[in-house]
Amino acid sequence: MKVQVLVATTNQSDHSLIKKMNIKTDALIGNQCGKNSVDEFEIDNMHIVYLNFAECGVGLNRNNSLMRANADICLFADDDMIYEDNYKDIVEKAFNDNPSADIIVFNLREKNTTRSIITKKKRVGYFNYHRYGTARIAVRLSSVKKYGIYFNQCFGGGTERCHGEDTLFLSACLKNGLKIVAVPEYIATLTDERESSWNNGYNEKYIKDQGVLYYTISRKWWRLLCIQDAIRKHRLYNRSMLNTYLLMLEEVKKFKKHK
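Numbering of the sequence shown is given in this note's numbering, commencing with residue 374 and proceeding in unit increments.
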């Protein structure tokens with residue numbers, strides 16, 4: 374079983390990221406920078422490719438790597454992660470133990486826990502897939518390519534809509550019938566060395582983008598999704614449920630009119 378890491382990063386001027394992230398398998402490094410070039414080399418029996426593009430957008434970055442991936446299993450990664458020494462073995466075992474799984478979600482260690490921690494193996498479906506970000510998932514490449522599943526390039530850091538590309542990716546996987554499983558294994562540690570390229574807090578822009586995200590996920594159920602979000606997160610947003618809901622509706626209305 375071949376495992377390949379697909380890293381989304383920016384402004385890398387050398388190849389030090391491989392050691393910094395403790396990458397021990399083949400890898401594709403999507404490096405958005407000021408030039409267009411491809412650097413391909415072998416190091417410690419690993420095949421490494423740097424895809425350097427003068428462009429922006431995390432969804433576009435991940436797609437550049439995903440469309441060129443050639444492994445059985447692909448791990449999506451950000452540049453502020455340090456992989457466990459045995460991450461390859463952990464990932465391989467997880468897929469061997471779950472042969473029907475197309476996607477497996479893992480845990481990430483972090484100094485201050487902000488992400489949902491998986492404590493036992495469970496199925497991921499429409500009611501809980503939104504908890505998991507891209508950097509903690511591994512996919513069977515053949516499964517996502519079979520249905521032409523890629524990242525939405527209009528959402529996420531570096532785009533007009535500041536977040537949501539990971540949610541849309543997993544939503545597309547579920548809509549195409551792929552099986553997603555979450556397991557309580559840790560594959561990497563987050564260093565928190567860099568500032569988020571999109572997260573400026575749960576401000577008005579975030580809430581409006583959340584509305585458009587729900588509309589993109591489901592034309593049928595987007596209003597209900599907005600309502601549940603306004604109810605669940607009104608303390609996090611520090612505003613009334615009605616105000617939150619109206620902000621989402623307003624932005625979706627503008628989005629639908631835009632040509």
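In this text, a Cβ means the ideal position worked out from N, Cα and C, and glycines have one as well. Please read all numbers here as calculations on a predicted model, not as lab measurements.
Sequence-distant partners of M614 (beyond 5 residues in either direction) whose C-beta falls short of 7 angstroms from its own C-beta, in its chain, are A603, I604, H607.
Secondary structure of Q405 (DSSP, three-state): strand. Within the region 469-504, no alpha helix (DSSP H) run of at least 4 residues lies entirely inside it. Going by C-alpha positions, K518 is about 11 angstroms away from D475. In this structure the region 452-465 does not lie against the region 522-538, because fewer than three pairs of beta carbons, one per stretch, are closer than 8 angstroms. In the DSSP assignment, Y579 is bridged to no other residue.
Of all alpha-carbon atoms in G574, I560, H388, N611, the one lying nearest the alpha-carbon of I463 is that of I560. Assignment of M394 by DSSP, reduced to helix, strand and coil, places it in the coil class. Using a Cβ distance threshold of 8 angstroms, E538 and G584 do not count as a contacting pair. Straight-line measurement puts the Cα of Y502 at about 10 angstroms from the Cα of L541. Going by DSSP, H607 is part of the alpha helix (DSSP H) stretching over 607-610.
Q377 carries a strand assignment under DSSP once its states are collapsed to helix, strand and coil. With fewer than 16 other Cβ atoms inside 10 Å of its own Cβ, V411 counts as exposed.
Contact holds between the region 379-391 and the region 399-414, because three or more Cβ pairs, one in each stretch, are under 8 angstroms apart. Secondary structure note for R513: its beta strand (DSSP E) is the uninterrupted segment 510-513.
For N480, the closest of H420, E558, W595 by C-alpha to C-alpha distance is E558. Distance from the CA atom of F414 to the CA atom of R504, rounded to whole angstroms, is 36 angstroms.
Nearest C-alpha to P472 among T486, M374, N434, E483: M374.
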